[in-house]
Amino acid sequence: MGKIAIIGGGASGMACAVLLARRGQEVTVLERGERLGRKLSATGNGQGNVTNTDMGAEHYFSDDNEKVARLLARFGSGETVRFLESMGGIFLPDGRGRVYPAGRQASAVTDLMRFELARLGVRTLFHAQVGSLSFDRDFFLTYEGGQLHADAVILAAGGRAAPNYGTDGSAYALAQGFGHTVTPCSPVLVQLKCDPASVRGLKGIRADAALSVIRRGETIFGCRGDVLFTESGVSGDAVFRASSYAQAGDELKIDFLPDVPAERLFEVLKDGGENCLLCVVNNGLGRTLFRLAEGEKEKLAALVKGFPLTVTGTLGYAYAQVTRGGIPLAETDDNLMSRLQKGLYFTGEILNVDGECGGYNLQWALTSAYVATEGVLS
Ligand SMILES: Cc1cc2nc3c(=O)[nH]c(=O)nc-3n(C[C@H](O)[C@H](O)[C@H](O)COP(=O)(O)OP(=O)(O)OC[C@H]3O[C@@H](n4cnc5c(N)ncnc54)[C@H](O)[C@@H]3O)c2cc1C
């Protein structure tokens, strides 16, 4: 393969560049921002949750999960750890299977890749937003301040979540120019909005709770984790996980005492007096629940074991970690090459694949990078 252009210097674009340059390819990375891996450096609350030991297609949403399974079988969480450790560092799972760099710094993961790219002498252009991409014998790209010919192009420009890291969805147009479609998109791994009146008095309270998403009376998702009340709804790890499933109109049920059976709680509540929730739940939470229960012990127990909220929406792309939707997998071959334009590959979040919270999205960024580069090299 001759010259390869990679559009986007995020997690998947950097991984593609490393994999190709190690195989002696002539690679140029075009990044619209002033740095590589800006989003990667912010992942996992700054700690960089790069993958998960519990890996499988059931943790993903796409138009073809069988294909996701096949691609994960080629490059899964073990391969991700080996790939990262081939550049340096130690990567370890926590008690929940979430894998982080031992130093717990996402920016250090970016640095590992950055130093490797420098060592390999990969050409990187900054402030190089690609505005047009066409094909006539070879690919022709124009970007702010220049133009470039390439024999293969990897479009690794991300989705539209978290636009402050350079991803506003404008890169979809580069694929659409070749006839590709983009499925309807929505923000996921994001705070859920509820009627502000239903969370009044709870702002700032955090609880380790069991959270269920209920649609038309049926529980469609449940998980255990942090729930944080905000001005307009709920956030926290459990809510981010639930946001992959929830939509406006769904009901959330929060069990603030998941380890305590309802009967035990009921005994502890005794006469249901004002202080009966002391050392049962957070004091501020207890006061609000007591007020809402209007002194009724049964009502109070029900609120502790199943606090109801109705989802009215999400906080939107500006606050979301990931984009649901994108270029359908169906429009790509088994190496993620476009079925409409030979030599054009897609990796990462620009594709119609998103994973649950817990390292699944960076895994997809790296899985797709590996697969696409194998395609380029074949
Ligand atoms: C706050 C936050 C925390 C997260 N935490 C985690 C986590 O812990 N674990 C996890 O698995 N996932 C996490 N994610 C999601 C994960 O970071 C993304 O899914 C992943 O970075 C996507 O990789 P990508 O290479 O496809 O896109 P990105 O990393 O978004 O990179 C795309 C790059 O393309 C550039 N670009 C866009 N358009 C153009 C253009 N026209 N020309 C040139 N360059 C362009 C952008 O500037 C950007 O640098 C988090 C996301 C956020 C926002």
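Note that our numbering has the sequence shown beginning at 9, numbered continuously upward.
A virtual CB, placed ideally from N, CA and C, is assigned to each residue, including glycine.
For residue i, the nearest candidate out of the options (CA to CA)
i      : options                           : result
Leu219 : Gly209, Leu210 and Phe264         : Phe264
Phe229 : Arg208, Cys202 and Leu260         : Leu260
Arg299 : Phe91, Ser178, Ser206 and Ala181  : Ser206
Thr132 : Arg112, Leu156 and Ala110         : Leu156
Gln349 : Asn53, His188, Asp234 and Val268  : His188
Ala126 : Arg249, Asn290 and Thr36          : Thr36
Gly241 : Arg208, Asp234 and Ala217         : Arg208
Thr320 : Gly257, Asp234, Ala373 and Leu359 : Gly257
Asp62  : Pro101, Gly97, Arg31 and Ala310   : Pro101
Ser178 : Leu141, Pro269 and Val361         : Leu141
Leu374 : Gly383, Val384, Gly356 and Glu382 : Gly356
Arg31  : Gly18, Gly10, Ala50 and Leu48     : Gly10
Leu323 : Ala250, Ala217 and Lys201         : Lys201
Leu337 : Leu79, Gly56, Leu27 and Ala50     : Leu79
Gln371 : Asn53, Ser85, Asn73 and Glu74     : Ser85
Lys313 : Gln137, Asp216 and Ala136         : Asp216
Arg249 : Gly233, Thr238 and Val384         : Gly233
Gly56  : Asp119, Ile15 and Tyr378          : Asp119
Ile15  : Asn53, Phe354 and Leu359          : Phe354
Asn53  : Asn73, Ala29, Gly45 and Gln113    : Gln113
Glu93  : Met121, Thr381 and Ala136         : Met121
Ala77  : Lys47, Arg46 and Val379           : Val379
Phe143 : Gly185, Ala254 and Lys278         : Gly185
Val190 : Val58, Asn172, Val361 and Leu385  : Val361
Gly105 : Ala116, Ser115, Gly97 and Thr59   : Thr59
Gly334 : Gly103, Ser252 and Tyr180         : Tyr180
Pro269 : Ala310, Gly281 and Thr296         : Ala310
Which residues DSSP lists as bridging residue i, in chain order
i      : result
Gln155 : Thr150
Ala13  : Thr36 and Val161
Glu364 : Looking at the DSSP assignment, Glu364 forms no beta bridge with any residue, so it has no partner.
Ile335 : Leu359
Asn60  : Arg106
Val242 : Leu200 and Phe237
Lys261 : Ser220 and Pro316
Phe398 : The requested residue 398 is not part of the displayed model; the chain covers only 9 to 386.
Phe354 : Leu163
Thr340 : Ser346
Chain D contact for residue i (CB, 7 angstroms cutoff)
i      : result
Cys284 : Going by chain labels, chain D is absent from the structure shown, which holds only one protein chain.
Quiz item: For the segment 302 to 312 against the segment 265 to 282, are there 3 or more C-beta pairs whose distance is under 8 angstroms?
Solution: yes
Quiz item: Counting only runs that start and end within the segment 281 to 329, where is the beta strand (DSSP E) found for 3 or more residues in a row?
Solution: 315 to 322
Quiz prompt | Touching by the beta-carbon criterion (3+ pairs, under 8 angstroms), the segment 321 to 329 and the segment 193 to 207 | solution = yes
Quiz item: Where are the beta strand (DSSP E) runs, 3 residues long or more, that stay fully inside the segment 164 to 240, in chain order?
Solution: 194 to 196, 200 to 202, 214 to 223 and 226 to 237
Self-check item: Within the segment 71 to 153, ranges of the alpha helix (DSSP H) (whole runs, at least 4 residues)
Solution: 73 to 82, 85 to 93 and 114 to 128
Exercise. Decide if the segment 241 to 250 is in contact with the segment 357 to 368; the criterion is three or more beta carbon pairs, one per stretch, under 8 angstroms apart.
Key: yes
Quiz item: Counting Cβ pairs, one atom from each stretch, are 3 or more of them under 8 angstroms apart for the segment 155 to 174 and the segment 12 to 25?
Solution: yes
Quiz item: Is the segment 40 to 51 close to the segment 63 to 72, with three or more CB pairs under 8 angstroms?
Solution: no
Exercise. Pair every Cβ in the segment 212 to 226 with every Cβ in the segment 277 to 286, then say whether three or more of these pairs are closer than 8 angstroms.
Key: no
Practice problem: Assess, as a yes-or-no matter, whether the segment 341 to 348 is touched by the segment 290 to 299 under the definition of 3 or more beta carbon pairs within less than 8 angstroms. | Solution: no
Practice problem: Could you tell me whether the segment 337 to 344 touches the segment 143 to 154, where touching means 3 or more Cβ pairs closer than 8 angstroms? | Solution: no
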